[in-house]
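Protein chains: 2
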Amino acid sequence: MVDRHPMWKDLGMDLETHDQLCAVLPTAFGDVYLSQENRPEGMAFWDMVVADVHGIRPAELIEEQKKGRKVFGTFCTYVPDEVVVACDGIVTGLCGGSQFWVPEGEKHLPADVCPLIKASLGARLGKTCPFFRIVDQIVGETTCDGKKKMYEIMAKDVPMHIMELPHMKRDVDVARFAQEIALFAKNVEEVTGNELTAEKLAEAIDIINNRRKALARVYETRKDPDTIPISGTDALLMMQIAFFDDPVRCAEMANKLADELEQRLVDKVSVFPAGTKRILLTGTPLAIPNWKLHHIIETSGAAIVCEENCTGTKFFTNLVDDSATTLEGQFQALAERYMKINCACFTPNEARIQEVIQLAKDYHVDGVINQNLKFCTTFKVEAPALEDALEEAGIPVLNIETDYTDNDAEQLRTRIGAFVEMLGE
Amino acid sequence: MVDRHPMWKDLGMDLETHDQLCAVLPTAFGDVYLSQENRPEGMAFWDMVVADVHGIRPAELIEEQKKGRKVFGTFCTYVPDEVVVACDGIVTGLCGGSQFWVPEGEKHLPADVCPLIKASLGARLGKTCPFFRIVDQIVGETTCDGKKKMYEIMAKDVPMHIMELPHMKRDVDVARFAQEIALFAKNVEEVTGNELTAEKLAEAIDIINNRRKALARVYETRKDPDTIPISGTDALLMMQIAFFDDPVRCAEMANKLADELEQRLVDKVSVFPAGTKRILLTGTPLAIPNWKLHHIIETSGAAIVCEENCTGTKFFTNLVDDSATTLEGQFQALAERYMKINCACFTPNEARIQEVIQLAKDYHVDGVINQNLKFCTTFKVEAPALEDALEEAGIPVLNIETDYTDNDAEQLRTRIGAFVEMLGE
Numbered sequence: 001m002v003d004r005h006p007m008w009k010d011l012g013m014d015l016e017t018h019d020q021l022c023a024v025l026p027t028a029f030g031d032v033y034l035s036q037e038n039r040p041e042g043m044a045f046w047d048m049v050v051a052d053v054h055g056i057r058p059a060e061l062i063e064e065q066k067k068g069r070k071v072f073g074t075f076c077t078y079v080p081d082e083v084v085v086a087c088d089g090i091v092t093g094l095c096g097g098s099q100f101w102v103p104e105g106e107k108h109l110p111a112d113v114c115p116l117i118k119a120s121l122g123a124r125l126g127k128t129c130p131f132f133r134i135v136d137q138i139v140g141e142t143t144c145d146g147k148k149k150m151y152e153i154m155a156k157d158v159p160m161h162i163m164e165l166p167h168m169k170r171d172v173d174v175a176r177f178a179q180e181i182a183l184f185a186k187n188v189e190e191v192t193g194n195e196l197t198a199e200k201l202a203e204a205i206d207i208i209n210n211r212r213k214a215l216a217r218v219y220e221t222r223k224d225p226d227t228i229p230i231s232g233t234d235a236l237l238m239m240q241i242a243f244f245d246d247p248v249r250c251a252e253m254a255n256k257l258a259d260e261l262e263q264r265l266v267d268k269v270s271v272f273p274a275g276t277k278r279i280l281l282t283g284t285p286l287a288i289p290n291w292k293l294h295h296i297i298e299t300s301g302a303a304i305v306c307e308e309n310c311t312g313t314k315f316f317t318n319l320v321d322d323s324a325t326t327l328e329g330q331f332q333a334l335a336e337r338y339m340k341i342n343c344a345c346f347t348p349n350e351a352r353i354q355e356v357i358q359l360a361k362d363y364h365v366d367g368v369i370n371q372n373l374k375f376c377t378t379f380k381v382e383a384p385a386l387e388d389a390l391e392e393a394g395i396p397v398l399n400i401e402t403d404y405t406d407n408d409a410e411q412l413r414t415r416i417g418a419f420v421e422m423l424g425e
Numbered sequence: 001m002v003d004r005h006p007m008w009k010d011l012g013m014d015l016e017t018h019d020q021l022c023a024v025l026p027t028a029f030g031d032v033y034l035s036q037e038n039r040p041e042g043m044a045f046w047d048m049v050v051a052d053v054h055g056i057r058p059a060e061l062i063e064e065q066k067k068g069r070k071v072f073g074t075f076c077t078y079v080p081d082e083v084v085v086a087c088d089g090i091v092t093g094l095c096g097g098s099q100f101w102v103p104e105g106e107k108h109l110p111a112d113v114c115p116l117i118k119a120s121l122g123a124r125l126g127k128t129c130p131f132f133r134i135v136d137q138i139v140g141e142t143t144c145d146g147k148k149k150m151y152e153i154m155a156k157d158v159p160m161h162i163m164e165l166p167h168m169k170r171d172v173d174v175a176r177f178a179q180e181i182a183l184f185a186k187n188v189e190e191v192t193g194n195e196l197t198a199e200k201l202a203e204a205i206d207i208i209n210n211r212r213k214a215l216a217r218v219y220e221t222r223k224d225p226d227t228i229p230i231s232g233t234d235a236l237l238m239m240q241i242a243f244f245d246d247p248v249r250c251a252e253m254a255n256k257l258a259d260e261l262e263q264r265l266v267d268k269v270s271v272f273p274a275g276t277k278r279i280l281l282t283g284t285p286l287a288i289p290n291w292k293l294h295h296i297i298e299t300s301g302a303a304i305v306c307e308e309n310c311t312g313t314k315f316f317t318n319l320v321d322d323s324a325t326t327l328e329g330q331f332q333a334l335a336e337r338y339m340k341i342n343c344a345c346f347t348p349n350e351a352r353i354q355e356v357i358q359l360a361k362d363y364h365v366d367g368v369i370n371q372n373l374k375f376c377t378t379f380k381v382e383a384p385a386l387e388d389a390l391e392e393a394g395i396p397v398l399n400i401e402t403d404y405t406d407n408d409a410e411q412l413r414t415r416i417g418a419f420v421e422m423l424g425e
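In order, the protein sequence lines correspond to chains A and B. Residues 1 to 425, numbered by my numbering, are exactly what the first sequence covers, in order. Residues 1 to 425, numbered by my numbering, are exactly what the second sequence covers, in order.
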């Protein structure tokens, strides 16, 4: 493997601290991923990426920057990648998914803020993530209190553009978000120096729609009621890296994987024994390398067949209508698609409940696990309503609240084990 | 005193539980209020109101409802009372300020949500607050995660209208809030059955501006560097009841109190000994009957001379421009005034920092106490920035996090005592 230290040094990273992360990640990955049996061959691509996760893609981004392209960092599935791609910019996800970054974040944030937010700020300010160093600009949004206010601290250290996300879904809100996309487009034009045209945006809409279709194909194979062609743990890795990868390559790799998984359905090749309980996981996002809950669930006699969250169906469900031919029409089409994402930051968010129930049926699940990252108020407050609706629909549900530490691993294993056992009765 | 039990019973209240609250409130009020010396005579009005706080005003509201008027309950200084008043409706505040309501709220909300939110929901669902029973409709807003999501639970029990509050303060956001006010006006017209006209809105703008001017007059007297004519504890009570009272009477009583306080300045009648340290309190709101921090501070050798919060300057600072003659122009003027409130739900909220520093100078304060209700993420995350700015301006600051319980009273007394002592050095 290439020694990335010179690159990381050029990026102004804290090499000594970062080496500690590099030292533990391969073991964590090996324990969770390489211990799995009969994995799809297509996963080799993502295994390779994650083996050098702070090397391969950062090196590519730096090469592209040398050619004059700009890199935009994002935290949220509401930020429309299409606009950046259309201006020949590059989008990379930034959400922090490791406890490693939390203590640095807690130097600047209260402890009672969700770990994703603390890790994200910690990764930037601690200089221990190359993506956070590479970005020319970061794009934030007014989703939740914690992220919104964290961005103010981050903005002192790096150029940021904030998008106002409406918290209701009336027509007037969709129109406002279309206006926000137009404002974001102006910002992207300025940062990239490239003019946005309807033609270029149409191409970008195609690119991102194709990524959505490819990821959806992989998920589609997980609906088979008899064969589980891929573990949730593997599917999650594909999703996590989709936020960082080039969208065209992401689609290509996901389509290749989907080909293999579709063949597995024909051949009835399952990665779990017959009778394994099928779980839908819903709730807060699982940023890389947060594999904790997937690993516990899938080594407790169950398989995750669907993730209804930002690192799951929310990322690819619903295509952008590509029929508009003016920027104004395209902004509206983008707003309509993005505003269909059922995040708990919306009020009300009844559509999420209906979506979870529908997905539970489509994916033939035996039970739902609703995961909440500690201190995520929005998802936590709507949990009882989701629970009630699922129970009414006859679908067992388990609410889990956790963070990035391993302190509760054994407790979770006990609770999840009991839940899975109960599903068999 | 009139026996209010028949009225409370008609309102469907839980009389037995509510009696427990009625039993403790007079003692709490006596301990905090009546123990003060040399209080302004004008406070007699508010003493009377609070002595029968669940009786006098509720009885008035019920009388008005019998005449066909509608009562709107609100939680937030961003909701424009003017619109309701113009349609001959009545506004009443609803924020819960007592630990008494928290356990009921926690039946439906996570424990790690701010006490104001839990108390508010608990007061409604526990049927232990007449205002919550009387209201024909409640008006919510998308300020913070906790309130926004709590409203979804409350909406299952009572008709609600939600206003989308933008979280930035660009011109486009002010325009959006003007649009929200127009949508709210439609709702108020429907609920009241009265048409809104520019003439009626102009009158209402006058009424509410007059209330602002009257409350500001009281605050103005607190700026005197030598004489402190009213305790912060008393001023807080006036502000807390301003949310519940008829706005014309509120202005009348506040003006009467201001007359008396202005005379006190002439006569150099101070309620604190010379040399008492002057404190500006900033941060989260203090809903009635939350007198905890004021009582501790003002019995620890200091006086509060200004509250920079929603139950303080935010409620009355900035008048609505009354020059517009069309509804559209008036909605814009209202939006401009309300969007000047510097709540921590905005990003960035730099103007609050500048305002606190300015107020600290105007009110000649010796130190600032920044109070945060537990789990209020927005105010908590911006606390360090405020602290840094105050320190740079040479103004000592103490950050306090607390809730509605008395568990931390002694600890707070120790910390505040040490802070006040330090101010004297």
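Just so you know, even glycine gets a beta-carbon here, dropped at the ideal spot from N, CA and C. Just so you know, these numbers come straight off a predicted model, no measurement behind them.
- When C-alpha distances from T299 of chain B are compared across B:G417, B:G30 and B:V113, the shortest belongs to B:G417.
- Near chain A, meaning a CB-to-CB distance below 7 Å, the residues of the stretch 130-148 of chain B are T142, C144, D145, G146 and K148.
- Around K380 of chain A, the beta-carbon contacts reaching into chain B at under 7 Å are P110.
- Distance from the CA of A351 of chain A to the CA of I341 of chain A, rounded to the nearest whole angstrom, comes to 9 Å.
- The shortest C-alpha to C-alpha distance from D173 of chain B to any of A:R170, A:L165 and A:L15 is the one to A:L165.
- Partner residues in the beta bridge of I304 of chain B, as assigned by DSSP, are B:I279.
- At least 8 Å separates the beta-carbon of G93 of chain B from that of F316 of chain B.
- Under DSSP, F72 of chain B shares a beta bridge with B:V91 and B:Q137.
- Burial is judged here by how many other beta carbons sit within 10 angstroms of a residue's own beta carbon; T325 of chain A has fewer than 16 and is exposed.
- DSSP, reduced to helix, strand and coil, places N318 of chain B outside both helices and strands of the structure shown, so it counts as coil.
- Boundaries of the beta strand (DSSP E) harbouring E401 of chain B: V397 to T402, taken from the DSSP string.
- For I162 of chain A, the secondary structure class from DSSP, reduced to helix, strand or coil, is strand.
- V91 of chain A places its beta carbon less than 8 Å from that of T74 of chain A.
- In the DSSP assignment, V368 of chain A falls within the beta strand (DSSP E) that extends over G367 to L373.
- Annotation for S270 of chain A: no alpha helix (DSSP H) segment contains it, and DSSP assigns it neither H nor E.
- A distance below 6 Å between beta-carbons, with the five flanking residues on each side excluded, links K200 of chain A to the following residues of its chain, in chain order: A86.
- Under the criterion of beta carbons closer than 8 Å, A302 of chain A and V135 of chain A do not qualify as touching, at roughly 38 Å.
- Residue environment for S98 of chain A: buried (at least 16 other C-beta atoms within 10 angstroms of its C-beta).
- For T311 of chain A, the closest of A:D388, A:Q137 and A:Q240 by C-alpha to C-alpha distance is A:Q240.
- Here the C-alpha atom of C22 of chain A lies approximately 11 Å from the C-alpha atom of R4 of chain A.
- For the set A:I400, A:M339 and A:M422, the Cα lying nearest the Cα of A175 of chain A is the one of A:M339.
- Residues T142 of the same chain have their beta carbon placed closer than 6 Å to that of K148 of chain B, with the five preceding and five following residues left out of the count.
- For V84 of chain A, the number of other beta carbons within 10 angstroms of its own is at least 16, and it is reported as buried.
- Taking 8 Å as the threshold, the shortest C-beta distance from D173 of chain B to chain A falls below it.
- For M43 of chain A, the three-state secondary structure derived from DSSP is helix.
- Per DSSP, the continuous alpha helix (DSSP H) segment holding I181 of chain A begins and ends at D171 to T192.
- In chain order, P166, H167, M168 and D173 make up the part of chain A whose C-beta sits under 7 Å from the C-beta of E164 of chain B.
- I296 of chain A has its alpha-carbon roughly 8 Å from the corresponding atom of L412 of chain A.
- Residue nearest to Q36 of chain B within the set B:A385, B:K9, B:Y404 and B:D234 is B:D234 (criterion: CA-CA distance).
- In this structure, the beta-carbon distance from N309 of chain B to Y404 of chain B does not fall below 8 Å.
- Counting the other Cβ atoms within 10 Å of the Cβ of Q354 of chain B gives fewer than 16, which makes it exposed.
- Among the residues facing chain A, P396 of chain B is not included, as its CB has no counterpart in that chain under 8 Å away.
- Around the CB of S323 of chain B, fewer than 16 other CB atoms lie within 10 Å, so the residue is classed as exposed.
- In this structure, T347 of chain B lies near H167 of chain B, with their beta-carbon atoms less than 8 Å apart.
- By the beta-carbon neighbour count (other beta carbons within 10 angstroms, threshold 16), E392 of chain A is exposed.
- If you draw a straight line from the Cα of L286 of chain B to the Cα of F131 of chain B, it is about 18 Å long.
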